[in-house]
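Data first, discussion second: the structure below is written as C-alpha cells.
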C-alpha cells in the first residue's frame with residue numbers, strides 16, 4: 012500500500028523521539044518501549060542489558076531517530092510499519108534524506124503551517140502543555156514546531172493539535188534552514204550541556220546521542236545542517252590540515268578511521284581546543300572531554316573539517 016502527501020499536509024513524527032529502523036524485522040522484544048504508541052526512551056535504555064545495548068551498535072538494527080514534529084516523506088506502508096525518508100537529515104543513502112522504517116502509529120498527517128515561523132527547543136528537555144494547562148509531552152532539545160501565537164507561553168502546532176511551551180525554553184526561527192549562525196566556540200560550549208549523557212547508537216536526541224548525532228545536533232543548533240552520518244560529514248565542509256593542530260579551530264569536526272586512519276571512518280568528535288575534543292564515545296560510556304595525545308584517537312585521526320567560517324580564531 013502507498014500513502015501520498017498533498018501540498019497542504021505533511022507527515023510528521025508524533026512521539027517525542029521515534030527510532031528509525033533498518034527494517035521492521037530489526038526490532039527485538041526488549042525494544043517495546045521504543046516502538047509503542049507511547050515511547051519511553053529512558054525505560055527502554057534501562058531495560059536493555061549490556062549485551063543488548065552493544066547489539067544495537069553491531070547489528071545495524073537502527074538507522075537514526077526523528078524528533079517530535081519532524082517531517083518525513085512517507086512511502087510504503089506494510090503491516091503497521093511505514094517506510095520513510097527523514098528530509099531534515101541529509102544522507103548519501105537517499106538524495107531526499109535519511110531512509111528507514113518507523114511504526115506507523117508514531118507518525119501523523121498534519122496541516123502545513125509556517126506563516127509565523129517556528130520555535131526550536133534550546134534546553135535539554137521542555138514541557139509541552141495542553142490548552143487546558145495540563146502537561147502533554149516532554150520534548151527533547153532541537154525539537155522544532157510551527158508557531159500559532161506568541162506570548163509568555165507560545166502556542167505551537169503539534170501532531171496532537173494546539174499546545175503551549177514556555178518562551179524561555181525556545182528560540183524563534185524563520186525555518187529549519189534559517190537558524191541563526193553561531194561560532195565554533197558556541198558549538199563546543201553547547202556540547203558541554205550534554206556532558207555525562209550516555210551514548211546511544213543511532214541517537215539523535217537529548218535522551219542519548221551517538222557520535223555523529225552529537226555533531227549533527229550541535230551544528231544544527233548553530234545554523235548549519237550537515238549530513239547525518241560521520242562518513243558523509245567527513246566529505247562535507249572545508250578540509251583542514253589534520254597534521255597541523257595549530258590550524259584547527261574550536262568547533263571543527265575531527266574524524267577517525269580504522270587501520271590507524273587509513274580504513275573506514277567510524278567516529279567523529281568536536282574539537283574543544285588545546286588538543287582536546289568533546290565526543291560521544293561508545294555504548295556504556297557518556298559524552299566526555301578528552302585529550303587526544305596518547306590515545307587511540309591520535310593514531311586514527313583521518314580528517315578535520317570546518318563548517319562555520321569565522322574571521323579569526325579566538326583560541327585553538
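Residue numbers (the numbering used here): 12 to 327. We put the beta carbon where it would ideally sit given N, CA and C, even for glycine. In this text the structure is predicted, and so the values were computed from the model without any measurement.
Boundaries of the alpha helix (DSSP H) around residue 310: 307-311.
Rounded to the nearest angstrom, the Cβ distance from residue 129 to residue 156 is 6 Å, consistent with a contact under 8 Å. The C-beta of residue 45 has 16 or more other C-beta atoms within 10 Å across all chains shown, which makes the residue buried. In the structure shown, residue 269 adopts helical secondary structure according to DSSP, grouped into three states. Separation of residue 320 and residue 95 (C-alpha to C-alpha, rounded to the nearest whole angstrom) is 33 Å. The alpha carbon of residue 106 has as its nearest neighbour, out of 190, 120, 84, 117, the alpha carbon of 84.
For residue 136 and residue 217, the gap between their C-alpha atoms comes out near 7 Å.
Boundaries of the beta strand (DSSP E) harbouring residue 94: 92-97, taken from the DSSP string. Within the model, the alpha-carbon separation for residue 297 versus residue 173 is close to 36 Å.
Check the Cα spacing between residue 299 and each of 316, 215, 310, 279: the tightest is with 279. For residue 224, the enclosing alpha helix (DSSP H) starts and ends at 222-231. Around the beta carbon of residue 228, a 10 Å sphere encloses 16 or more other beta carbons of the protein chains shown; the residue is thus reported as buried. Per DSSP, the unbroken alpha helix (DSSP H) holding residue 55 starts and ends at 52-58. Going by beta carbons, residue 178 and residue 187 fall outside the 7 Å limit. In the DSSP annotation of this structure, residue 293 is not part of any beta strand (DSSP E), being labelled neither H nor E. A direct Cα-Cα distance of roughly 27 Å separates residue 309 from residue 102. Shown here for residue 191: same chain residues with a beta carbon closer than 6 Å to its own, the five before and five after excluded, namely 234 in chain order.
Per the C-alpha coordinates, the member of 293, 302, 121 positioned closest to residue 224 is 293. In this structure the stretch 279-291 lies against the stretch 262-269, because at least three pairs of beta carbons, one per stretch, are closer than 8 Å. A residue is called buried once 16 or more other Cβ atoms fall within 10 Å of its Cβ, and residue 305, having fewer, is exposed. Under DSSP, residue 109 shares a beta bridge with 97. By alpha-carbon distance to residue 184, the top candidate from 290, 161, 120, 198 is 161.
Annotation for residue 212: 67, 68, 73, 221, 294 place their beta carbon closer than 7 Å to its own, counting only its chain and skipping 5 residues before and after. When rounded, the separation of the alpha-carbon atoms in residue 38 and residue 231 is 29 Å. Between residue 315 and residue 259, the gap from beta carbon to beta carbon is short of 7 Å.
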